[in-house]
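Residue numbers (my numbering), protein chains in the order written: chain V, 31 to 394; chain A, 31 to 394. Some notes on the structure that comes next.
There are 2 protein chains.
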Amino acid sequence: MKELTVDLGERSYPIYFGQGILNDIADLFGRQKIGASSKLLIVTDEHVAPNYLAKVTGLLEQGGYTVASTVIKPGESSKSLEMLDQLVTVALEAGLDRKSVIVALGGGVVGDLAGFAAASYMRGVRFVQIPTTILAHDSSVGGKVAVNHRLAKNIIGAFHQPQMVIYDTETLNTLPIREIRAGLAEVIKEGLIWDREFVEWLDRNANKLLALDPEALQYALYEGCKVKAIVVSKDERENDLRAILNLGHTIGHALEAVAGYNELLHGEAISIGMAGAAKLAVRLGYPEEIYTITTELLHKFGISTRLPSNLDTDKIMAAMMHDKKFQDGKMVFIVPTEIGKVVVRNDVSAEWVRDIVEQLKREG
Amino acid sequence: MKELTVDLGERSYPIYFGQGILNDIADLFGRQKIGASSKLLIVTDEHVAPNYLAKVTGLLEQGGYTVASTVIKPGESSKSLEMLDQLVTVALEAGLDRKSVIVALGGGVVGDLAGFAAASYMRGVRFVQIPTTILAHDSSVGGKVAVNHRLAKNIIGAFHQPQMVIYDTETLNTLPIREIRAGLAEVIKEGLIWDREFVEWLDRNANKLLALDPEALQYALYEGCKVKAIVVSKDERENDLRAILNLGHTIGHALEAVAGYNELLHGEAISIGMAGAAKLAVRLGYPEEIYTITTELLHKFGISTRLPSNLDTDKIMAAMMHDKKFQDGKMVFIVPTEIGKVVVRNDVSAEWVRDIVEQLKREG
């Protein structure tokens, strides 16, 4: 078992990585001083429940815990205020009090929704994340939790750090290949913003990762989380540095909103966004290789960087205007300056972005 | 103008009290470093809007600010996730970004809803409170914001401190007498939990306060806020001490939930609750005068302490079980031990509480 501490002062917490570590879940809860008198509510989805809900519930009950659970529909559309309302109903009916713990067993959607429920139920109860996707490595660091609004993604939320994260790489074996690819896109992003060596390692180990080689996977997830943990510990509430984690997300979020949250996977959307950011970099005079390395790496992982031509450019531009990264009337973009380094540019003209969106439809 | 600082480290903020101080609103915003580039969203309700919305908007626009506004229906039923959704729609359409400020112009309902919107919009933007009721003195200290759920009051929320509070006592002149009485009930509560001298002062000044004598009012609000500020600065997130502010609220919240949030005013409900807590105190062996002083003082302010007999006792008991103050299966009650002092008891039997609920229907 590998351990990474996300360093946030009194809100610091550990992430445990390993094959089969879910078997030790009751011990891990004990280590975090979650007493048996704390009621637990497991939130999971219809994809994850058949594989792991009974197992996790059983192990926790053996450990002396009282466990309630609820199963949501998979996909971004569950990240809604309606679902928050339903979770609160379940929590109240199960008798959850302030000492209770909400457990997110699943991917990013489950983590974001359950996390926001934990942040706001009784003005905040503890929560534990058990990611079962690759993408969720990203949302398991940094405490960003949220639900969506009809007009914008992740617009209603909080910063709420988990008590701990239990990352059992065995759970990844049941993922469809499309989600594996899309999840690795976010790992690639961590490399692109921070660590050229890690980018090169990813390039060499693409096939191992796609085949879910346990050792390669554990390394990639650990490194990805490490990059994010470094950034987040320096800027928990996204005042400045943390924004760099949004490479590819300005365009990416807009694409998700316009395509409908379940059409394009998050990793697929930000991959197109990263290609767009790389194009922007080149246009701003940074090295040409930024674009070629970014897109070739993504393609090696079987991820398309072409923007679906059926998505309307005007709608994409409008969605970007609602993005949280739009401040004081200027467009804010995370732009690579070399592989492993980015800057935040807040002077990007909407016209250039529109051009790039059009280009991405042709040649992404 | 009187000023009180709520001392919460880097989240400290001032409360300004005075007659007519709304006229200085743009200056006060400037003092808090709210720049003219920050968009403002004023949230108010249909009762307050006709009297103050145009004035406040005008003064802020004169000060160089861009101001959007939205008017909600008055009453607890607006504290819902549906209304949060609507506020977020307005905020997005008005182009509010992370540097924006949400301004709550109104009573506790407006403050709670707008405050939770500020806490969760883009994971947290600044907010300013302009209370226009007496009751709102209470919610303007301590940063508790929330919306209700069908099964429980204030169950979905956050701790989100305002940047400042502007308390113009002139705005209280348009309040109906029923709300004045109910608002003063919460001021009485501050006295009962902390300050016997203040209780005696309230007893001597009941008529002045009911007549909205500006000087008496400013003193009472300042003292009420001061008690709360002392308590909150020692325990921001309600780990222990802060619970004493809930005198009368265990029964009170249940009554509001059962009666329907708009039937009994909050101050009316907690007055019955305070009479109940005083009864409990006497039953636990504390001095008889706790009950007589409490109820006589409330009656002097024209506030009934009789529990409406149409409210079903079983439903009231069930609602208490959903209260946040119900922990580990025991009932938690704030119990006066003398006038100006309370303790938190977590060993109160449900049977006793049921008896008291029944008694309050007959003799409250």
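Ideal Cβ positions, reconstructed from N, Cα and C, are used throughout, including at glycine.
| query | result |
| --- | --- |
| What residues of chain A sit near V/I185, judged by a beta carbon separation below 8 angstroms? | V118, L122, Y151, M152 |
| Output yes if chain A places a C-beta closer than 8 angstroms to the C-beta of V/D115; else output no. | yes |
| Checking contacts by CB at 8 angstroms: is A/K103 closer than that to chain V? | no |
| Could you tell me the alpha carbon to alpha carbon distance between A/V374 and A/V365, rounded to whole angstroms? | 6 angstroms |
| So for A/R211, helix, strand or coil by DSSP? | helix |
| Can you pull the DSSP bridge partners for A/D142? | For A/D142, which the question treats as bridged, DSSP gives no partner whatsoever. |
| Please tell me whether V/H352 has its Cβ less than 8 angstroms away from any Cβ of chain A. | yes |
| Which of the residues in the stretch 185-219 of chain V, read from start to end, lie with their CB under 7 angstroms from any CB of chain A? | I185, I186, G187, A188, F189 |
| Ignoring anything shorter than 4 residues, give me the alpha helix (DSSP H) runs that lie fully in the stretch 165-234 of chain A, in order along the chain. | 166-169, 207-224, 226-234 |
| Looking at A/L4: is its Cβ nearer than 8 angstroms to the Cβ of A/L275? | Since the first and last residues shown for chain A are 31 and 394, residue 4 of chain A lies out of range. |
| Are the CB atoms of V/V131 and V/S68 nearer to each other than 8 angstroms? | yes |
| At which residues does the beta strand (DSSP E) containing A/D377 begin and terminate? | 371-378 |
| Please classify A/M361: does DSSP put it in a helix, a strand, or coil? | strand |
| Evaluate V/D168 with the Cβ neighbour count: other Cβ atoms within 10 Å of its Cβ, from every protein chain shown; 16 or more gives buried, anything less gives exposed. | buried |
| Output yes if chain V places a C-beta closer than 8 angstroms to the C-beta of A/L277; else output no. | no |
| Name the one or two DSSP bridge partners that A/A2 has. | For chain A, the structure presents residues 31 to 394; residue 2 of chain A sits outside this window and is missing. |
| Does DSSP put A/R156 in a helix, in a strand, or in coil? | strand |
| Considering only their Cβ atoms, is the gap separating V/F146 from V/A176 smaller than 8 angstroms? | yes |
| Quick one: using the 10 Å Cβ neighbour count with 16 as the cut-off for buried, is A/T192 buried or exposed? | Note on residue identity: the sequence assigns Pro, not Thr, to residue 192 of chain A. Result: buried. |
| Whose Cβ in chain V lies nearer than 7 angstroms to the Cβ of A/A349? | Ordered by position in chain V, no residue passes the 7 angstroms Cβ test against A/A349, which lies about 11 angstroms from the chain. |
| Checking contacts by CB at 8 angstroms: is V/A284 closer than that to chain A? | no |
| Quick one, which of V/L239, V/I223, V/H190 has its alpha-carbon nearest V/I207's? | V/L239 |
| Have a look at A/V171, A/L58, A/Q49 and flag the residue whose alpha-carbon is nearest the alpha-carbon of A/S263. | A/V171 |
| Between V/I300 and V/V217, is the Cβ-Cβ spacing less than 8 angstroms? | no |
| When DSSP labels each residue in this structure, what does A/F47 get in the three-state scheme? | strand |
| Look up V/K133 in the DSSP assignment and give the residues it is bridged to. | Correcting the residue type first, residue 133 of chain V is Val in the shown sequence and not Lys. Paired residue(s): V/I72, V/V158. |
| List the residues of chain V whose Cβ lies closer than 8 angstroms to the Cβ of A/H179, in chain order. | D115, V118, T119, L122 |
| Mind reading off the beta-carbon distance from V/R153 to A/A188? Whole number of angstroms is fine, and I expect it under 8 angstroms. | 6 angstroms |
| Rounded to the nearest angstrom, what separates A/H190 and V/A149 at their Cα positions? | 12 angstroms |
| Label V/K63 either buried or exposed according to how many other C-beta atoms from any shown protein chain fall within 10 Å of its C-beta, with 16 as the threshold for buried. | exposed |
| Use the C-beta contact count for V/G138: other C-beta atoms within 10 angstroms, 16 or more gives buried, fewer gives exposed. | buried |
| Helix or strand or just coil, what does DSSP make of A/L247? | helix |
| With C-beta atoms as the reference, is A/I45 less than 8 angstroms away from A/D198? | no |
| Helix, strand or coil for V/E319, going by three-state DSSP, please let me know. | helix |
| Beta carbon of A/L83, beta carbon of A/T74: below 8 angstroms? | yes |
| Comparing C-alpha positions only, which one of A/E40, A/G48, A/Y151 sits nearest to A/Q248? | A/G48 |
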